[in-house]
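Under full-length UniProt numbering, think of the first position of the sequence shown as 1, with each following residue one higher. Glycine residues also receive a C-beta, built at the ideal position from the N, C-alpha and C atoms.
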Amino acid sequence: MKNRRVYFYTKHENKGASSRYRSIQYFPMLRESGFEVIQRYLFSDAYLESKYKKNKIYLIYAIAAYLRRLLHILMDFRSSNVIYVEKEFFPYLPPFFEFLAKVIRLKYIVDYDDAVWHNYDSNRFRFIRYLLSNKHKKIIGYAEKVVVGNDYLAQYALKFHPKKNVTIIPTALSSNRYASDKLSRADNATDIVWIGSPSTSKYIIEIDNELKKITDRHNVVVRLIGFDSYLADQLSCKNLVIEWNESTELTELSKGCLGIMPLVDRPFERGKCGFKLIQYMALGLPILGSPIGVNDSIIIDNVNGYKCSTASDWSEKIEYLILNPELRQTLGERGRKIFINEYCAETLVHKYIELINEAFIDKNKSVGE
1 MKNRRVYFYT KHENKGASSR YRSIQYFPML RESGFEVIQR YLFSDAYLES KYKKNKIYLI
61 YAIAAYLRRL LHILMDFRSS NVIYVEKEFF PYLPPFFEFL AKVIRLKYIV DYDDAVWHNY
121 DSNRFRFIRY LLSNKHKKII GYAEKVVVGN DYLAQYALKF HPKKNVTIIP TALSSNRYAS
181 DKLSRADNAT DIVWIGSPST SKYIIEIDNE LKKITDRHNV VVRLIGFDSY LADQLSCKNL
241 VIEWNESTEL TELSKGCLGI MPLVDRPFER GKCGFKLIQY MALGLPILGS PIGVNDSIII
301 DNVNGYKCST ASDWSEKIEY LILNPELRQT LGERGRKIFI NEYCAETLVH KYIELINEAF
361 IDKNKSVGE
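This is the structure we're talking about:
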């Protein structure tokens with residue numbers, strides 16, 4: 001099949017985790033399969049860095065991002081290739097270009113790893129709810145295919161996609177990068193590890209009191225990778241805030257003995273794909289998390305970790321694991337096997353290849369009609 005060019009309209013350039021793991025990590029594998037892959041990111045790394053540092057220059061980068069994306073759309077919509085869109089072309093604008101793609105019979109696949117529609121239908125501003133609450137219902141309806149990270153997102157998409165062409169592909173990691181022979185962890189490590197971003201740091205605040213109980217009783221530090229440094233003063237537990245860096249990410253994660261993923265039970269959080277848990281399992285760490293959304297199925301009590309349904313669960317179950325190193329090792333090994341079997345990018349890439357090939361076949365059929 002000739003001229004198999006795919007434009008990936010990612011939300012971020014590289015530093016945004018959703019783009020990095022939902023799309024970018026698959027680019028080399030897709031190219032090996034014969035696709036010409038072109039990334040069209042919206043927000044640059046410079047935008048993300050300045051936003052996380054509360055530097056107002058990020059607003060200038062945002063304006064430049066929207067203008068750059070408009071230019072790319074004007075260029076790419078004239079082609080007859082397949083477009084893969086991460087969530088939406090333009091956040092907080094009506095789905096005009098998704099509608100245009102439908103009108104000109106341009107095949108696009110839309111990908112969701114978050115329930116981003118709740119950014120609109122649950123927004124605190126009435127005019128945004130009025131204008132955009134149905135935005136993603138329309139985007140899903142216009143799309144040729146829909147890819148989602150979990151069943152919660154799939155159930156929503158199935159309501160609005162006329163062909164019910166919805167595929168679940170969990171957010172995955174490369175087993176090559178997370179190869180067990182490349183990973184090392186001190187046998188006596190007892191620190192608690194969390195990885196995230198400034199936008200997800202608020203969940204740690206929710207369990208801070210329970211974490212403080214642990215750090216007061218034991219020689220333990222809560223290692224917070226990617227945590228919002230501006231929120232650090234609100235924490236009472238003994239902690240170490242570590243700036244996220246791709247080159248040191250695995251080293252920092254490996255300094256922990258268990259990984260945590262607290263959440264609050266709200267509609268947006270129910271759509272999360274449990275990626276932190278998957279990352280911990282890839283490293284052979286036992287996992288503890290709020291049983292909300294897909295977390296409830298990823299965490300299997302006493303197999304790969306423990307569900308923490310109440311505030312006291314956090315301190316009790318973390319302490320139990322700190323005091324039982326052999327159990328930590330057993331749970332971690334089981335979690336690693338689950339990762340290899342269910343969340344390995346090298347295994348899941350065939351689903352992306354099939355979806356994109358099908359989109360090209362459908363495109364060629366529509367051209368011939």
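Within the same chain, show all residues whose beta-carbon is closer than 7 Å to that of residue i, passing over the 5 residues directly before and after it, in chain order.
| i | result |
| --- | --- |
| Tyr-66 | Phe-90 |
| Phe-125 | none |
| Arg-31 | Val-37 |
| Ser-174 | Gln-25, Ala-345, Glu-346 |
| Tyr-178 | Ala-282, Leu-283 |
| Ala-338 | The sequence shown places Ile at residue 338, not Ala. So the list reads Met-281, Asn-304, once near-sequence residues are dropped. |
| Lys-212 | Ser-236, Cys-237 |
| Ser-201 | Phe-227, Asp-228, Leu-231 |
Leaving out the 5 sequence neighbours to the left and right, which residues in its chain are closer than 6 Å to residue i when beta-carbon positions are compared?
| i | result |
| --- | --- |
| Gly-274 | Val-294, Asn-295, Ile-298 |
| Asp-76 | Tyr-7 |
| Arg-40 | Tyr-7, Tyr-9, His-72 |
| Leu-132 | Tyr-120 |
| Ser-197 | Gly-226 |
| Leu-100 | none |
Classify residue i as buried or exposed, calling it buried when 16 or more other Cβ atoms lie within 10 Å of its own Cβ.
| i | result |
| --- | --- |
| Ser-79 | exposed |
| Val-146 | buried |
| Phe-96 | exposed |
| Ile-205 | exposed |
| Ser-312 | exposed |
| Ala-359 | buried |
| Gln-279 | buried |
| Thr-310 | exposed |
| Asn-150 | buried |
| Asn-219 | exposed |
| His-350 | exposed |
| Asn-341 | exposed |
| Tyr-352 | buried |
| Arg-22 | buried |
| Ser-19 | buried |
| Asn-324 | exposed |
| Ser-290 | buried |
| Tyr-84 | buried |
Along the chain, where does the alpha helix (DSSP H) containing residue i start, and where does it finish?
| i | result |
| --- | --- |
| Lys-102 | 96-103 |
| Thr-251 | 249-253 |
| Leu-327 | 325-342 |
| Arg-126 | 126-132 |
| Lys-137 | 135-142 |
| Lys-276 | 275-282 |
| Leu-74 | 58-76 |
| Lys-159 | 151-160 |
| Ile-298 | 295-298 |
| Asp-121 | 118-121 |
| Phe-268 | 267-270 |
| Tyr-21 | 17-22 |
So what does residue i bridge to, in DSSP terms?
| i | result |
| --- | --- |
| Glu-36 | Arg-5 |
| Tyr-320 | None; Tyr-320 has no bridge partner. |
| Pro-43 | Checking the displayed sequence, the identity of residue 43 turns out to be Phe instead of Pro. According to DSSP, which records beta bridges pairwise, Phe-43 is partnered with His-12. |
| Tyr-84 | Phe-8, Ile-109 |
| Met-261 | Gly-289 |
| Asn-357 | Note: Asn-357 sits in no beta bridge, so no partner. |
| Asn-239 | Val-222 |
| Asp-301 | Gly-305 |
| Leu-173 | Cys-344 |
Throw me the rounded Cβ distance for the residue i and residue j pair, which I believe falls under 8 Å.
| i | j | result |
| --- | --- | --- |
| Leu-288 | Gly-305 | 5 Å |
| Glu-98 | Thr-10 | Not confirmed; about 16 Å, so no contact. |
| Leu-285 | Gly-332 | 5 Å |
| Lys-164 | Asp-362 | That pair is no contact at about 15 Å. |
| Asp-45 | Glu-13 | 5 Å |
| Ala-62 | Tyr-47 | 6 Å |
| Leu-153 | Gly-16 | Actually they are not in contact, since the Cβ atoms of Leu-153 and Gly-16 sit about 18 Å apart, beyond 8 Å. |
| Ile-214 | Ile-292 | Rounded, the Cβ-Cβ distance is 22 Å, inconsistent with contact. |
| Ile-207 | Pro-267 | The pair is not a contact, with the Cβ atoms about 21 Å apart (cut-off 8 Å). |
| Ala-143 | His-161 | 7 Å |
I'd like the span of the beta strand (DSSP E) that includes residue i, first residue to last.
| i | result |
| --- | --- |
| Ile-205 | Element bounds for Ile-205: not the beta strand (DSSP E) but the alpha helix (DSSP H), 202-206. |
| Glu-243 | Premise fails: Glu-243 is in no beta strand (DSSP E) and is neither H nor E. |
| Asp-114 | Careful: Asp-114 lies outside any beta strand (DSSP E) and carries neither H nor E. |
| Asp-191 | 191-195 |
| Leu-224 | 222-225 |
| Tyr-306 | 305-307 |
| Thr-167 | 166-168 |
| Lys-145 | 145-148 |
Can you give me the Cβ contacts of residue i inside the same chain, cut-off strictly under 8 Å, excluding the 5 residues immediately before and after it?
| i | result |
| --- | --- |
| Asp-301 | Lys-307 |
| Arg-223 | Asp-191, Ile-192, Val-193, Trp-194, Asn-239, Leu-240, Ile-242, Glu-252, Lys-255, Gly-256 |
| Leu-355 | Ile-109, Lys-145, Val-147, Thr-167 |
Can you tell me whether residue i sits near the ligand ATP, meaning its C-beta is under 6 Å from at least one heavy atom of the ligand?
| i | result |
| --- | --- |
| Ala-345 | Within the structure as shown, the ligand ATP is missing, as the structure has no ligands at all. |
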